[in-house]
Each structure stands twice: as C-alpha cells, then as structure tokens.
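Residue numbers (our numbering): 11 to 109.
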C-alpha cells in the first residue's frame with residue numbers, strides 16, 4: 011500500500027488538476043490529470059481512474075489517523091553498511107611471510 015500522505019496528496023492533486031482542466035477542455039490540455047490518473051492507477055493496482063479513486067479513498071479511510079502516523083527515517087529504512095575487519099597485515103602492507 012502506498013504511504014497515506016503520498017496517496018492523500020495524489021488524490022488532491024488529481025481532483026484539482028481535473029477541475030482546472032475541465033475549464034480548459036476546449037484547449038485540449040489534459041496531460042496533468044492524465045498523468046495523475048495513471049499514477050493513481052499504478053499506486054492502487056487498478057486499471058481505471060474511478061476504481062483508483064475508490065480504492066485510494068478506501069485505503070485512506072483505513073489508514074492510521076494523522077496523529078498516529080509516522081514516516082520512517084532513512085536510517086530506519088536503509089540498513090547501515092556492514093563494518094568489515096581488515097587484517098593488520100593489509101593495513102601495514104606486510105604479509106605474514108614478510109612480517
């Protein structure tokens with residue numbers, strides 16, 4: 011499931027773009043709402059924007075309230091690099107035979 015804040019913003023942007031483009035329909039400019047409709051469909055796993063909006067609203071209704079939501083930090087999501095021990099011979103440039 012996409013992050014609720016991302017989904018909430020996406021639905022809002024789509025509805026705003028659709029309202030603006032409805033007024034400019036005579037000019038044939040629909041690319042923003044079409045792009046957002048595509049992203050909504052991909053994000054919700056649906057094939058048409060009506061189903062995507064219904065699914066998004068259902069997902070948002072079941073998401074934790076805003077006060078309980080917490081976006082994880084990068085450090086929580088991306089594991090820290092593993093530390094590897096480097097033998098002293100490698101650091102000094104000496105092999106056990108020459109040490």
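The beta-carbon is built from N, C-alpha and C at its ideal position, and this holds for glycine as well.
{"Check": "How many Å lie between residue 54 and residue 67 at the Cα?", "Outcome": "10 Å"}
{"Check": "Leaving aside the five residues before and after residue 29 along the sequence, list all residues of the same chain whose C-beta is less than 8 Å from its C-beta, in chain order.", "Outcome": "none"}
{"Check": "Buried or exposed for residue 24, please, with buried defined as at least 16 other CB atoms from any protein chain shown within 10 angstroms of its CB.", "Outcome": "buried"}
{"Check": "Between which two residues does the alpha helix (DSSP H) holding residue 73 run?", "Outcome": "That residue, residue 73, is in no alpha helix (DSSP H); it is neither H nor E in DSSP."}
{"Check": "By the DSSP assignment, the alpha helix (DSSP H) with residue 42 in it spans what residues?", "Outcome": "41-54"}
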